[in-house]
Each structure stands twice: as structure tokens, then as C-alpha cells.
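This report refers to the structure that appears directly beneath it.
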Amino acid sequence: MGVEFLKIKEVDEAKEIINEKFNEYYTPQPEVIDISDSNNRITFSKIESKIDFPPFNRSLKDGFAIKAEDSYGVNEENPKKLKVIDFLEAGSFSDKTVELGKSVEISTGAPIPDGADAVVMVEFSNRAEENSELEEDEIEILTSVTPSQDIGQKGSDVKKGQVILDENILLNPPKIGVIAAQGINTVNVYKKPKVGIISTGNELLTNQEELKPGKIYDVNSEMIKAGVNNCGAEGRCLGIVKDIYDDLKTKIQESLKECDILLCSGGTSAGVGDNIRDILDELGEVYIHGITVQPGKPTILGVVDGKIVIGLPGNPVSAIVIFNVFVAPSIKKLAGFKEEEEQKTIKGTLARRIHSPIGRMQYQLVRVEDDTVYPIFKDSGAIFSLASAAGYTKVSKQTELLEEGEEVEVILFN
Ligand SMILES: Nc1nc2c(c(=O)[nH]1)N[C@H]1C(S)=C(S)[C@@H](COP(=O)(O)OP(=O)(O)OC[C@H]3O[C@@H](n4cnc5c(N)ncnc54)[C@H](O)[C@@H]3O)O[C@H]1N2
Ligand code: MOO
Numbered sequence: 001m002g003v004e005f006l007k008i009k010e011v012d013e014a015k016e017i018i019n020e021k022f023n024e025y026y027t028p029q030p031e032v033i034d035i036s037d038s039n040n041r042i043t044f045s046k047i048e049s050k051i052d053f054p055p056f057n058r059s060l061k062d063g064f065a066i067k068a069e070d071s072y073g074v075n076e077e078n079p080k081k082l083k084v085i086d087f088l089e090a091g092s093f094s095d096k097t098v099e100l101g102k103s104v105e106i107s108t109g110a111p112i113p114d115g116a117d118a119v120v121m122v123e124f125s126n127r128a129e130e131n132s133e134l135e136e137d138e139i140e141i142l143t144s145v146t147p148s149q150d151i152g153q154k155g156s157d158v159k160k161g162q163v164i165l166d167e168n169i170l171l172n173p174p175k176i177g178v179i180a181a182q183g184i185n186t187v188n189v190y191k192k193p194k195v196g197i198i199s200t201g202n203e204l205l206t207n208q209e210e211l212k213p214g215k216i217y218d219v220n221s222e223m224i225k226a227g228v229n230n231c232g233a234e235g236r237c238l239g240i241v242k243d244i245y246d247d248l249k250t251k252i253q254e255s256l257k258e259c260d261i262l263l264c265s266g267g268t269s270a271g272v273g274d275n276i277r278d279i280l281d282e283l284g285e286v287y288i289h290g291i292t293v294q295p296g297k298p299t300i301l302g303v304v305d306g307k308i309v310i311g312l313p314g315n316p317v318s319a320i321v322i323f324n325v326f327v328a329p330s331i332k333k334l335a336g337f338k339e340e341e342e343q344k345t346i347k348g349t350l351a352r353r354i355h356s357p358i359g360r361m362q363y364q365l366v367r368v369e370d371d372t373v374y375p376i377f378k379d380s381g382a383i384f385s386l387a388s389a390a391g392y393t394k395v396s397k398q399t400e401l402l403e404e405g406e407e408v409e410v411i412l413f414n
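Printed below as a string of C-alpha cells:
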């Protein structure tokens, strides 16, 4: 007999242990980065505004800054003549004061000159070209405006000292815009946890090698790395290791020096060459070996040198399902994402019945077309099934059969 599994864990119990161990063995760290590198990073602390925005009262339109009082009772039949005492482009500044009977020609974004309290849009004015009774430095306005009209007041958008972004916010283009408006050039974000990834198996080749008899290309390294990166962490492929006990043991020890969390795949079962469990027992402690799920029953969680080591089942479908269901939520949390987001789900009608093993929660890959859910009945090594899979449907451990036509929920990948 090979190694015995620990007492196999129920799904909820396994999730709880994983969550607890991740919290215990990794403490999120902040780092300060340049705003130009901040897309897709997560804020570690609140960001406060350094300045009022806008920083001055500014014109929202091209037109004439006036005293609103000058426009009362004005309309096209009853225009009002005003003297133009200055011209203001965005970025410039006027030291003139607008009094009754006067105006300053102004561009959108330019600061409102002293004395003015409203802007009349250029469309509602005439110049000398349009009305020969006007002098060169005169206009007539054709509409009335209210005080503050078309003025963006200083601090009306954001006041100095106001929280503009909370902690645990995923920075994206609009949010980076908010920071940029403040002239802030560095951001305090969560450091990405470094997650090492090792594939194990004598049969595995890198994509640099020629295919040989009995061999296959390594799927899990790149697939899991992409999954890790989607969680806001930094996945690092650390290579392929043969099923040789000492080689794998050394590789695990070496790898732990350069990462915060280690994900291995393959060698989790209890067969010849399945070494992960024994190595983790020797180097540290194993907390989970076996979860009541299908696929992915032989999943392992251990701790070595104060760091989490996960053994994902080698079959790629099992590896990605177990990663998504059990590992990704914890990595996301450590990377700074707010507590577990709702998974994206859709509902649909089963096109075929699903048989499920009693006693194991089944994650059945499915394809979805319109509202119809097609189970993909292939073994967990059939990687191509992932090309069309939209996600998976859960079949509880007490359920042996889901009938064709039943409504099911599909948990979508991403
Ligand atoms: N007698 C038993 N045999 C198996 C059992 C069992 O309970 N009793 N469980 C099966 C289940 S379920 C799974 S899942 C696998 C678990 O296997 P391991 O984690 O030990 O993985 P391997 O044996 O190393 O590989 C399984 C399969 O996956 C392929 N593989 C592995 N790594 C990769 C990779 N990086 N890229 C692509 N493909 C990979 C490997 O070639 C095998 O075909 O055990 C079952 N057996
Ligand atoms: O549990 Mo295995 O992961 O069925 O393929």
C-alpha cells in the first residue's frame, strides 16, 4: 500500500483550512510604485486629495465672463451691450476686474476673472461683425444667465483632504485618472504575492522540446501562472521536475527561498512516483490530503518553512478546477482584493442528464449556448474540453443524477 490519505476533508472544511493557513502564513505587504505602473494594482491605503479640484473657479464654456446682474431681463429682442476688457485662454490669468457693463472673453477651462460670476456662451452674443452698431471692443449678449452659470467652482468636484480612493480598490484607467488629477505620482499598493509554480512528472516536456514517445507537453505551468496573475499575484514558472523524490524535495526547498507560496502539480495521488505528500511530511506538515470532490480528490495543502505549499492534481482539468475553487479566492485576498467577490454565474437548462458520484461534490465542466447547458463528458486529462467550457456546474455530494431539462447554475470561468 502507498501513502494513506489524511482523513479526507469535506469541501467547506477544506476551504476553511486553506483560508486559515493562507492568512496565517502570508502577511500582505505594501509597496510604493509609480502611477504609470499602477494599472491593475490594488490600493493598500486610502488616497486623499492634495488639492481642491478644480483648483480655481473655471469657465465650463467658451464665451464671456460677466456679472450675471448685467444680463437680467436680456433676450434677443432686448440685448445688452458690454465692453470686452480682456481675453483669457485656458492656462492664463487676468488681473482685470469685471464690473457692471464689462466682460472678459474667456475659453473653456480658463479661470474666472475677479468680479465675474457667470459665463454667457459665445453662441448667445454678437460682435461688431454681426452688428455694425458695436465697436471692436464691444459685444452684445442675447440671453440672461444666473449667478454661477457655467462656472465650475473651486473644490466642487473634490475638496482638499477628501478620500478619493479607498483601500482595496483595483486601479483601472478611470481611477488612475482620478489620481492623476491630483498631481500624485506614486501610489501605495499591495505587493504582489510571489507564487512559484512547479510541474512534476517524467512525461512532461517544455515547449522548447521535440515531442517524444510517451511524453506530453507541460500544460499546468502556463495555465496556472495565468490563473495566479489573474488573482493579482505574480506567478513564476519554476520548471518541470521528474518524479524523483530527492530531486523534487530539493526543488521544493530551493523554490521556497524565492517565493511566498508554492503550487506544485502532479504526483498528488498515492501511486508510484507520487511523492508530494511524503516530501511535505518530511519537510513540514500536511494539513489536507484529499477533498470530497470530483475532479481533484487528491489535492494537498502543506506548510514548509512557514510557507504554503499546494499540491494540485496533475490532470489539467482537475488542476484548474481545484485552483479556481480552492486556491484562487485565498490568493486574491492576499493580493488585496476585497473579501471574496461574488462568482459570476448564469442559469440554464441542462441538455443532458449528469450522473454524479455519491459522496463527492462534482464540478462538471459545461458548455453554454443561449440558455442551454451542455455537460462536457470527458476525462480530467482531456485538456481540449477547456477550450469550449464556459465554466462548471456543481452537483452536490448527495445528488446522483441531474435530469435533462433541469435548471442548473453555471459558475463561469472568469
Ligand atoms: N489508482 C488510482 N489512480 C488514480 C487515482 C486514484 O484515486 N487511484 N486518482 C486519479 C485522479 S482522480 C487524479 S486527479 C490523478 C492525480 O494524479 P497526480 O496528481 O498524482 O498526477 P499525475 O499522476 O502526475 O498525473 C495525472 C495525469 O495528468 C497528466 N499531467 C500531470 N501534470 C501535467 C502537466 N503539467 N501538464 C499536462 N498534463 C499533466 C499526467 O501525464 C497524467 O496523465 O490520479 C489518478 N489516478
Ligand atoms: O480527481 Mo481526478 O482530479 O478525477 O482527475
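Residue numbers (UniProt numbering): 1 to 414. Backbone N, C-alpha and C fix where the C-beta goes; we use that ideal spot for every residue, glycine too.
Contact annotation, Lys-307 with Leu-262: C-beta distance approximately 7 Å; criterion of less than 8 Å satisfied.
DSSP lists Gly-63 as the bridge partner or partners of Met-121. A distance below 8 Å between beta-carbons, with the five flanking residues on each side excluded, links Ile-169 to the following residues of its chain, in chain order: Ile-42, Thr-43, Lys-175. Taking C-beta separations shorter than 7 Å and ignoring five residues to either side along the sequence, the partners of Asn-185 in its chain run Asp-34, Ile-35, following chain order. Ligand 2 has a heavy atom closer than 7 Å to the beta-carbon of Ser-380. Counting only residues of its own chain and dropping the five nearest sequence neighbours on each side, Ser-125 has a CB closer than 8 Å to the CB of Gly-63, Phe-64, Ile-139, Glu-140, Ile-141, Leu-142. Excluding sequence positions up to five before and after Pro-313, its CB lies within less than 8 Å of the CB of Ser-265, Gly-266, Thr-268, Ser-269, Pro-295, Gly-296, Lys-297, Pro-298, Thr-299, Ala-319, Ile-322, Ser-380, all in the same chain and listed in chain order. Counted as a single uninterrupted DSSP element, the stretch harbouring Val-228 is not any beta strand (DSSP E) but the alpha helix (DSSP H) occupying residues 220-230. From the listed residues Lys-249, Leu-165, Ala-90, the smallest Cα separation to Asp-274 is found for Lys-249.
Excluding five sequence positions before and after Tyr-245, the CB atoms of its chain that fall closer than 6 Å to its own CB belong to Asn-275, given in chain order. Where Thr-250 is concerned, there is no enclosing beta strand (DSSP E), although the alpha helix (DSSP H) around it starts and stops at 245-258. Of the residues assessed, His-289 falls on the buried side of the cut-off, its CB having 16 or more other CB atoms within 10 angstroms. The shortest CA-to-CA distance from Phe-56 to any of Lys-9, Val-11, Gly-109 is the one to Gly-109.
Excluding sequence positions up to five before and after Val-122, its CB lies within less than 8 Å of the CB of Lys-61, Asp-62, Gly-63, Phe-64, all in the same chain and listed in chain order. From the listed residues Leu-171, Ala-116, Ile-112, Ile-164, the smallest Cα separation to Lys-102 is found for Ala-116.
Around the Cβ of Pro-79, a 10 Å sphere holds 16 or more other Cβ atoms; the residue is buried.
Between Gln-182 and Lys-50, the gap from beta carbon to beta carbon is short of 8 Å. Inclusion of Ser-330 and Phe-22 in the CB contact set at 8 Å is warranted, their separation being smaller than that value. When DSSP states are grouped into helix, strand and coil, Phe-384 belongs to the coil group.
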